[in-house]
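Below is the structure:
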């Protein structure tokens, strides 16, 4: 099953926090920092949105920081994704 | 009775979640995941909406993910549908 | 007394739910499904509304589904109507 | 004292509900239906309002239905009026 | 001290309610009707406000009815005034 | 340390209320009227703000009345200032 | 890891309040004034945002005062930053 975002939307997936600390100790879940970095999985075509032309600048594979609470969570074949507007992506992480 | 959406609206119907798991066990209702995928049943003509020209890109038969809580539920001859703006459809599922 | 809607407004009247079930049994009021279908009784002239040109596409006699809670209820000579914007009419029913 | 509405505003006065029923019985105040019909007493000049050109289509003497709660009540020499935007007048009654 | 309103603002001062009734009895404060009529004391220059050109049509000395709750009360040398946008002035009283 | 406002913002400082009454009695703090007059300390360059060209008309040294609650208070080297949009300045006092 | 803000966003980092008072006494944390000054760490490319062309005027290294509560806090490699729109930066401090 493939999700193709519409208009100015992108599909992102939160990246798992690293499970080892610098010293190599494996952390239990509660001790892991909640990740804020997500990966772009699919990008909509852009175009006219509310009367404004939106050009998509994000690409599949970009690591991004998204606005908290923005977008709609979707669950597809057991995996969780978020669909949100490109404008709710705040920054690219490199 | 046929429902013909006006302006930039579409009529969608939630798809039933699969009633069998991968292993073939039939799940009772409460155990089924609430479906987020709907099928487009009818598409409005588009045109000027709040001063912006809206072109309809969705087609009857498209499987879509809609923004939760968006739109108005309607019940026609015992079946439940939702009427919502094309802009509240987040993605196409293939 | 005649009500002539102004600008992009239409006057609608909720249709009574059918009082007989398929099997011919007459249902008491509480058992009847609340109707969502209304009939267009009068249509405004359209024109400039908040800076946008609105063309009226609805006609007297159209059966429509309206956005719940939209509009103003009016009571004229004992009959109840609703005055609302054409944009709050979601679909035509045929 | 004369009230001259500014911009796209109109001055209306609620019409008294008829004090006799069809059978000729005079009703006490509480039994009277609250009137929703008002008469236009004065009309502003229209013109640019919030960047949009507004043409006044209402005339003094028009019987109208106004949006409930819209506008500001004013009391002039013991009489109560309402000042509201032309756009808050929903329909003309004839 | 002189107050010169900026942009599309006007400075108004509420007029005292007449202290005598028709029969000539002087009313105590609580019995007086709260006045809704104010006098324009100063008028801003108008010009571009939020992207729209505003032409000032009010003049110093105009008796006006203002939208309740609109504007900011200011106290200058013991006297109370209100600063509000021309658009919050509903009507001229003559 | 110098604060240079950006875009259509100005930096103002509330003026102390006169500490003596007309009769020359020095008032304790609680008895002083809260001042509403501020002095413009710095003015931003203006320019495009939300798609509208803003021309700055205020000058350093202007005595102004500002909209209550508008803007952000800043404390610099022990002194308190307010940063707010030129549009939140209601009037000049001379 | 580098954070590259998108569109009209900037990445800022709050500056530590000076830990010594004028007299040279080192203050414990609670006695320190909460800093309002931040340093710009990265600047987005600007461009079309909600239909308006935004030119970035801030530069990396600028000391700025930001609107309280604006933006999204991000934590990268143990350091805390804030991502916010250029329009939420109120002033430059020199």
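Protein chains in written order, with the numbering used here: chain V, 1093 to 1186; chain E, 1093 to 1186; chain Z, 1093 to 1186; chain R, 1093 to 1186; chain H, 1093 to 1186; chain C, 1093 to 1186; chain P, 1093 to 1186.
Cβ coordinates follow ideal geometry from the N, Cα and C atoms, glycine included.
In summary, the residues of the segment 1093-1107 of chain E whose CB is separated from some CB of chain Z by less than 8 Å are 1093, 1094, 1095, 1096, 1097, 1098, 1099, 1101 and 1103, in the order they occur in the chain.
One Cα belongs to residue 1166 (chain V), the other to residue 1181 (chain Z), and the distance between them is close to 30 Å. Contact fails between the segment 1147-1162 of chain Z and the segment 1150-1159 of chain E, because fewer than three Cβ pairs, one in each stretch, are under 8 Å apart. Closer than 9 Å at the C-beta level to chain V, one finds these residues of the segment 1130-1147 of chain E: 1142, 1143, 1144, 1145, 1146 and 1147.
Residues of the segment 1153-1170 of chain R with a Cβ closer than 7 Å to any Cβ of chain Z, in chain order: 1157, 1159 and 1160. Going by beta carbons, residue 1139 (chain Z) and residue 1099 (chain Z) fall inside the 8 Å limit.
Proximity of residue 1172 (chain C) to chain H, defined by a Cβ-Cβ separation below 8 Å, is not satisfied. Remark: C-beta atoms of residue 1103 (chain P) and residue 1183 (chain V) approach each other more closely than 8 Å. Straight across, the Cα-Cα distance linking residue 1169 (chain R) with residue 1096 (chain R) is about 15 Å.
Just measuring C-alpha positions, the residue of E:1128, E:1141 and E:1186 sitting nearest residue 1178 (chain E) is E:1141. When the alpha-carbon of residue 1136 (chain C) is set against those of C:1171, C:1146, C:1108 and C:1129, the nearest one is in C:1146. The beta carbons of residue 1133 (chain C) and residue 1156 (chain C) sit no closer together than 8 Å. Against chain V, a Cβ distance below 8 Å from residue 1176 (chain E) picks out nothing, because the smallest value is about 13 Å. Residue 1108 (chain E) has its alpha-carbon roughly 22 Å from the corresponding atom of residue 1174 (chain V). The continuous stretches of beta strand (DSSP E) do not include residue 1148 (chain V), and DSSP gives it neither H nor E.
Annotation: residue 1105 (chain P) to residue 1094 (chain P) spans about 14 Å, alpha carbon to alpha carbon. Rounded to the nearest angstrom, the gap between the Cα atoms of residue 1130 (chain P) and residue 1129 (chain C) is 29 Å. Note on geometry: alpha-carbon atoms of residue 1171 (chain V) and residue 1172 (chain Z) lie some 51 Å from one another.
Under the DSSP assignment, residue 1140 (chain R) falls in the beta strand (DSSP E) whose first and last residues are 1139-1141. Spanning the alpha carbons of residue 1101 (chain R) and residue 1101 (chain E) requires a straight line of approximately 34 Å. The continuous beta strand (DSSP E) containing residue 1174 (chain R) extends over residues 1171-1177. If you look at residue 1164 (chain E), you'll find it in the beta strand (DSSP E) that goes 1164-1168.
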